[in-house]
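According to the working numbering, the sequence shown is numbered sequentially starting from 266.
By construction, the Cβ of each residue, glycine as well, lies at the ideal position given by its N, Cα and C atoms.
As the structure is a prediction and not an experimental result, all values here were calculated from the model.
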Amino acid sequence: MSQDSYLVVGGGDVGLATAVHLSSQGCLVYLFSRRYSVINKTKIVRSTGLFLPGNYPIAACSNNIQKIAVANDGKLPRNIIICCRGQDIESYASILGEYIHSQMNILIICASRFSGRVFGKVLYREFGIIETQLPAIADVNNSPFACRGNADDQVAIKRFKKQFKVAAQNSEMTERILVTYQSLFENLRPAISSLEVNLDKCNDIFHIPLILATLEKWELGESYNIYRGFSPRTGDLIADLDSDRLIIAKALGFPNLSNIYDYFKTAYGTSGPSIYEHIHQIKALDNATVRNLHHRYLSEELPFGAFPLQVLARLVGVDTPFLDSCVTLGSKFVDEPLRWNAEFLELDTQWLNSQL
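Written out as structure tokens, the structure is:
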């Protein structure tokens with residue numbers, strides 16, 4: 266199998282955008298999505314955005330992982346990019362597990378914290394793959410692009426973000442990931458460790474306050490844009506929540522972690538003294554809408570983003586009043602249980618110290 270073969274897992278917005286991006290560079294792309302898609306027949310992903318417009322061919326698309334493996338002599342491509350929500354990472358590990366081997370390079374594009382760690386834990390629990398036999402499994406702090414799906418075979422890439430960071434289990438594994446993916450994603454940069462890259466995730470930091478400030482619309486199931494029409498005071502709440510994240514990071518040995526202002530500046534090129542100004546400068550968010558009560562902005566960001574961050578705060582004994590308030594209130598509006606605690610994630614002092 267060619268080293269230029271890639272398996273993209275997940276047929277959502279980011280999965281389709283990733284398939285388009287890889288195909289545009291001449292890569293042989295396989296797409297696995299649990300949802301049936303017309304791409305299964307056409308083998309074409311349509312791109313309608315400002316960036317990379319056109320129709321992009323892929324080698325195969327299926328909602329049956331065995332069919333993709335059969336097309337490749339019973340194996341999966343060595344390089345796998347998983348684009349998913351936190352609540353899906355365990356099931357994807359179960360689906361892929363029987364094909365996983367130590368030479369694979371797995372990049373997980375997921376807003377949830379510690380998704381790569383959870384993926385590895387499932388491989389051990391269900392398939393007996395011990396730590397020394399794991400592939401390189403890397404988390405990123407952000408997705409490489411802002412995009413929006415318009416149909417099950419169509420995506421609009423609105424912009425490439427200026428930078429996103431990556432880290433795997435250790436420095437050697439991170440280097441493997443960089444060698445594999447940096448020529449394809451020129452905006453990819455290494456982080457110090459898996460802990461740093463997971464502390465550096467910020468989607469939950471701005472999504473949760475924006476949802477909490479519009480709970481009436483959320484509960485009524487209205488279709489609305491959370492990024493437009495919010496007040497400067499809600500922007501201040503985002504900054505307060507981010508200050509709790511930075512307090513946790515400092516207590517864990519990362520005193521220079523980028524704040525939310527730098528996050529937007531680095532990803533989108535924005536500027537200004539307030540979060541309100543930064544978000545309103547991002548044209549790629551002009552048509553971003555929340556459509557249902559199970560949208561990831563709360564159903565993923567709280568149980569798999571903010572809650573694990575709170576778990577870290579408890580481990581290091583720091584006060585996080587804004588984070589605690591958001592978790593307490595937000596958890597009343599999601600059905601997902603708060604499972605990703607210290608025991609489940611196997612977070613302890615020894616592992617935390619190894620990440621410095």
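* Residue interval of the beta strand (DSSP E) (run including residue 295) -> Note, residue 295: beta strand (DSSP E), 293-297.
* From residue 360 to residue 354, what does the alpha carbon distance come to, in whole angstroms? -> Cα-Cα distance, rounded: 10 angstroms.
* Tell me whether residue 319 sits in a helix, a strand or coil according to DSSP, three-state version. => The answer is strand: DSSP assigns residue 319 an E or B state.
* Asked: When we look at the beta-carbon of residue 585 and count the other beta-carbons within 10 Å, is it buried (16 or more) or exposed?
  -> Answer is buried; the Cβ neighbour count reaches 16.
* Note down, in chain order, each residue of its chain lying with its Cβ closer than 7 angstroms to the Cβ of residue 478, except the 5 sequence neighbours on either side. => Same-chain partners within the cutoff: 495, 499.
* Length of the line joining the Cα atoms of residue 491 and residue 411 -> If you draw a straight line from the Cα of residue 491 to the Cα of residue 411, it comes to about 16 angstroms.
* Considering only the beta carbon of each residue, do residue 420 and residue 532 sit closer than 8 angstroms? -> Residue 420 is not a Cβ neighbour of residue 532, given a cutoff of 8 angstroms.
* Where do the ends of the beta strand (DSSP E) carrying residue 480 lie? -> Membership of residue 480 in any beta strand (DSSP E) is not indicated; the residue belongs instead to the alpha helix (DSSP H) covering 480-485.
* **C-alpha distance - residue 619 paired with residue 459, whole-angstrom precision** => Across the structure, residue 619 and residue 459 are spaced so that their CA atoms are roughly 10 angstroms apart.
* Less than 8 angstroms between the CB atoms is what I'm expecting for residue 570 and residue 350, so what's the real figure, rounded? => In this structure residue 570 is not in contact with residue 350, their Cβ atoms being roughly 10 angstroms apart against a cut-off of 8 angstroms.
* Reference residue 592, options 567, 561, 581, 295, closest by Cα -> It is 567.
* To do: Might you give, ordered along the chain, the residues of its own chain that have their beta carbon closer than 6 angstroms to the beta carbon of residue 520, omitting 5 neighbours on each side?
  => Hits under 6 angstroms: none found.
* To do: Leaving aside the five residues before and after residue 327 along the sequence, list all residues of the same chain whose C-beta is less than 7 angstroms from its C-beta, in chain order.
  => Counting only residues of its own chain and dropping the five nearest sequence neighbours on each side, residue 327 has a CB closer than 7 angstroms to the CB of 297, 305, 333.
* residue 418 to residue 605 span [Cα, whole Å] -> Distance between residue 418 and residue 605, taken at the CA atoms: about 33 angstroms.
* Can you grab the Cα-Cα spacing for the pair residue 267 / residue 336, in whole Å? => Its pLDDT being 41, under 50, residue 267 is placed unreliably by the model, and nothing is read from it.
* Run of the beta strand (DSSP E) containing residue 271, from where it starts to where it stops -> Start and end: 270-274.
* Write down every uninterrupted run of the beta strand (DSSP E) in the stretch 356-435 whose length is 3 residues or greater and which is fully enclosed by it, in chain order. => Scanning the stretch 356-435 for uninterrupted beta strand (DSSP E) segments of 3 residues or longer gives 370-374, 401-405, 410-416, 419-425, 429-432, listed from N- to C-terminal end.
* With distances taken between CB atoms, is the gap from residue 433 to residue 402 smaller than 8 angstroms? -> Contact flag set, yes.
* Asked: Excluding five sequence neighbours on each side, which residues of the same chain lie with their C-beta closer than 8 angstroms to the C-beta of residue 602?
  -> Answer for residue 602: 568, listed in chain order.
* **Residue span of the alpha helix (DSSP H) that contains residue 564, given as start and end** => Here the alpha helix (DSSP H) through residue 564 covers 561-564.
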